[in-house]
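Below is one structure, written out as structure tokens, with a few remarks after it.
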Ligand code: SER
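Residue numbers (the numbering used here): 44 to 727.
In structure tokens, the structure reads:
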């Protein structure tokens with residue numbers, strides 16, 4: 044006899060594959076998951092499967108095909124306090140989606156969704172309830188007449204529930220959702236879809252037909268589209284018949300590992316311990332993917348999301364009685380579980396584990412400092428700890444309230460819990476503000492928003508002109524979608540030929556032009572690798588996503604290059620004439636002058652200054668070539684390349700070499716041959 048084969052999908056991997064296969068059979072192109080860091084600069088993280096297609100829906104980008112399907116990794120942190128408490132809230136989740144870009148619309152989307160869930164996933168129609176947007180009679184008719192769903196199982200919901208958009212602005216539309224009913228025997232009178240014990244929403248069909256502008260006005264998109272999302276973890280809960288998403292094969296192996304480390308049994312443990320274990324299961328998936336996609340723990344933007352998740356994990360580990368660093372072990376399980384679907388996890392495994400370990404060790408030190416603080420409080424003899432103090436221990440030192448309480452109770456000390464809750468509420472508000480979609484109307488947002496942009500690609504070494512796309516516009520440090528004649532702006536582009544001030548060299552000046560606008564750029568600065576082009580709109584209007592041409596002023600660039608190369612020659616000459624141990628401490632490379640700061644073991648005499656000048660001018664006359672190359676850092680240093688004291692460099696470095704005369708690690712722009720410096724002279 045043949046062994047039993049489960050003909051319907053049940054494991055997470057099977058559910059994902061059968062979704063993609065089903066839509067591939069319906070002529071959809073299977074698109075791999077995009078990064079968690081979205082292209083869209085107005086959104087912090089990829090929060091839905093549609094995000095990578097946002098500009099396609101808006102008609103700004105060519106569609107990859109008429110129909111697409113994907114399993115997209117997503118992160119949402121606006122409900123983080125529900126993670127591990129409810130059955131199905133997550134930070135990281137996978138969203139299965141099918142998309143139509145101006146091709147099929149409501150009827151096919153609804154029909155196929157039904158075919159998928161009843162034929163492929165084999166759900167009993169008796170267990171399905173659907174919701175529709177209350178004004179959407181067309182969807183209602185399709186569910187009733189084309190699919191044959193009983194009218195009593197079609198529930199009308201308002202904008203709050205059944206009108207979907209990815210953020211305050213952008214493509215949006217009414218939606219229709221499919222819910223699984225765990226208790227159909229309770230009948231269809233008074234159906235309450237918010238009743239989590241009875242219903243779980245698992246598939247959202249969005250009829251993407253509008254664009255919402257910054258003032259909230261809706262306009263029709265050029266074409267009608269479909270955007271759907273099915274929570275993989277939710278479908279796994281249904282098909283694996285589990286009480287919650289955490290107990291599915293998509294998360295449970297991590298929970299199992301965490302229980303082993305904590306030496307407890309998940310099934311028989313208390314609810315609060317179960318919650319901690321679920322949080323560890325959930326957050327492990329989020330942090331490995333965030334780090335894999337390039338996020339580094341910090342106190343801002345995405346980096347803050349990552350840091351917060353890691354710290355919550357450590358805290359919950361302590362609540363479970365774990366006293367050592369353990370996050371890497373959980374991460375290893377997570378990577379093993381998901382590396383086939385997301386090969387980048389395997390490629391980046393070493394970095395993921397290292398980053399997690401560093402952050403964990405750092406935080407454990409912080410926790411120890413907190414412990415000291417508690418001890419000091421105990422010695423003070425006070426009998427009540429203020430809410431603010433307990434909150435400081437919780438927020439700054441990562442002390443779970445339970446832990447503080449436990450220690451204080453042993454010493455007959457109380458905590459002002461109300462005061463603590465008050466502080467918690469304000470913190471939640473702050474956290475929400477930093478983890479949700481970026482509100483374009485927020486004031487003074489440039490410092491925070493800069494984190495959201497990818498590093499600007501600088502292609503101005505080879506050419507003074509480049510094409511680029513406007514990714515961000517700021518006026519007085521506020522994010523805006525466009526700017527017009529007379530306004531002074533700061534612009535972020537995806538790529539540019541303008542050098543951004545760094546390494547002592549000033550930023551380029553020049554113009555940026557589009558079909559209808561011209562901006563005079565007088566300064567380019569860099570923050571975290573993102574170039575801010577500052578200047579005045581001379582004419583026309585510039586808008587987000589517009590294509591532009593960047594044109595650097597070649598005379599000023601040539602002057603900066605001459606001064607930069609001369610700085611390198613100056614350093615070599617100082618080492619020969621003054622002292623080998625001369626080392627650079629800073630510099631200014633401007634259009635009209637250069638300044639070189641250095642340490643030397645003895646004062647430099649007037650005669651030496653004259654000799655330095657003569658030597659540099661001799662090299663200029665000899666016309667040494669300037670060769671720029673990429674090298675392994677260690678090889679470059681071994682070959683004698685000079686590096687700036689205290690500066691951090693990556694493994695691959697850019698080396699500016701004038702063979703036999705000077706060799707330095709440098710990111711700046713330079714003349715190609717020394718003669719272009721013309722004359723080197725000390726004016727002071
Ligand atoms: N974008 C919709 C959602 O996230 C459908 O995919 O629910």
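For glycine and all other residues, C-beta sits at the position ideal for the given N, C-alpha and C.
Please return the same chain residues whose Cβ sits closer than 7 Å to the Cβ of residue 61, not counting the five positions on each side in sequence.
Excluding residues within five positions, the ones whose Cβ falls inside 7 Å are 52, 163.
Rounded to whole angstroms, how far is the Cβ of residue 324 from the Cβ of residue 298, which I believe are closer than 8 Å?
At roughly 4 Å, the Cβ-Cβ gap stays under 8 Å, so residue 324 and residue 298 are in contact.
On the DSSP letters alone, give me the boundaries of the alpha helix (DSSP H) that residue 326 sits inside.
For residue 326, the enclosing alpha helix (DSSP H) has its first and last residue at 314 to 335.
When the Cα of residue 560 is compared with those of 567, 635, 527, which residue comes out closest?
Cα-wise, what sits closest to residue 560 is 527.
Return helix, strand or coil for residue 209, following the three-state DSSP convention.
Residue 209 falls in the coil class under three-state DSSP.
Measure the Cβ-Cβ separation of residue 699 and residue 669 and say whether it is below 8 Å.
Going by C-beta atoms, residue 699 is nearer than 8 Å to residue 669.
Give the list of continuous beta strand (DSSP E) stretches no shorter than 3 residues that lie fully inside the region 527 to 582.
Given a length threshold of 3 residues, each whole run of the beta strand (DSSP E) inside the region 527 to 582 is given here in chain order: 531 to 536, 553 to 556, 561 to 570, 573 to 582.
Near the ligand SER: residue 249 beta-carbon under 7 Å from a heavy atom
Proximity of the beta carbon of residue 249 to the ligand SER is indicated: a heavy atom of the ligand is located closer than 7 Å.
For residue 117, list the residues DSSP reports as bridge partners.
Note: residue 117 is bridge-paired with 136 in the DSSP secondary-structure output.
Nonlocal neighbours in the same chain, by C-beta distance under 6 Å from residue 583, ignoring five residues either side:
Residues of the same chain with a CB within less than 6 Å of the CB of residue 583, apart from the 5 flanking positions on each side, are 559, 560 in chain order.
Compare the Cα-Cα distances from residue 439 to each of 452, 461, 405, 457 and report the closest residue.
Per the Cα distances, 405.
From what residue to what residue does the alpha helix (DSSP H) around residue 449 run?
It spans 444 to 453 - the alpha helix (DSSP H) in which residue 449 sits, taken as one unbroken run.
Residue range of the unbroken alpha helix (DSSP H) whose run includes residue 166
No alpha helix (DSSP H) contains residue 166, which DSSP labels as neither H nor E.
Note down, one range per segment and in chain order, each beta strand (DSSP E) of at least 3 residues found wholly within the region 264 to 309.
Correct list: empty.
Is it right to say residue 330 is buried, meaning 16 or more other beta carbons lie within 10 angstroms of its own, or is it exposed?
Classification of residue 330: buried, given that the 10 Å Cβ count is 16 or more.
Pick from 515, 545, 524, 552: whose alpha carbon is nearest that of residue 536?
The shortest Cα separation from residue 536 among 515, 545, 524, 552 belongs to 515.
Going by C-alpha distance, which of 467, 693, 465, 425 is nearest residue 455?
The option with the nearest alpha carbon to residue 455 is 425.
Within a Cβ cutoff of 6 Å, which residues of the same chain sit near residue 523, ignoring the five residues on either side of it in sequence?
For residue 523, same chain residues with a beta-carbon under 6 Å away, outside a window of 5 residues either side, are 516 in chain order.
Span of the alpha helix (DSSP H), counted from its first residue to its last, around residue 423:
In the DSSP annotation of this structure, the continuous segment of the alpha helix (DSSP H) that includes residue 423 starts and ends at 392 to 423.
DSSP state of residue 53, grouped into three classes?
The answer is coil: DSSP assigns residue 53 none of H, G, I, E or B.
So for residue 357, helix, strand or coil by DSSP?
The answer is helix: DSSP assigns residue 357 an H, G or I state.
Compute the Euclidean distance between the alpha carbons of residue 63 and residue 539, then round it to the nearest angstrom.
The alpha-carbon atoms of residue 63 and residue 539 are separated by roughly 38 Å.
According to DSSP, which residues form a beta bridge with residue 630?
DSSP output for residue 630 lists 639 as bridge partner(s).
Mind checking which residues open and close the beta strand (DSSP E) that includes residue 243?
Residue 243: member of the beta strand (DSSP E) spanning 242 to 255, first to last residue.
Give me the DSSP bridge partner(s) of residue 220.
Residue pairing of residue 220 in beta bridges, as defined by DSSP: 174, 247.
Just to confirm before moving on: does the CB-CB distance between residue 82 and residue 73 stay below 8 Å?
Going by C-beta atoms, residue 82 is not nearer than 8 Å to residue 73.
For the candidate residues 703, 274, 202, whose alpha-carbon lies nearest to that of residue 175?
Each of 703, 274, 202 was checked against the Cα of residue 175, and the nearest Cα belongs to 202.
What is the rounded straight-line gap between the Cα of residue 450 and the Cα of residue 642?
Our two residues, residue 450 and residue 642, have alpha carbons roughly 53 Å apart in a direct line.
Does residue 233 come out as helix, strand or coil in the three-state DSSP assignment?
It is coil, neither helix nor strand.
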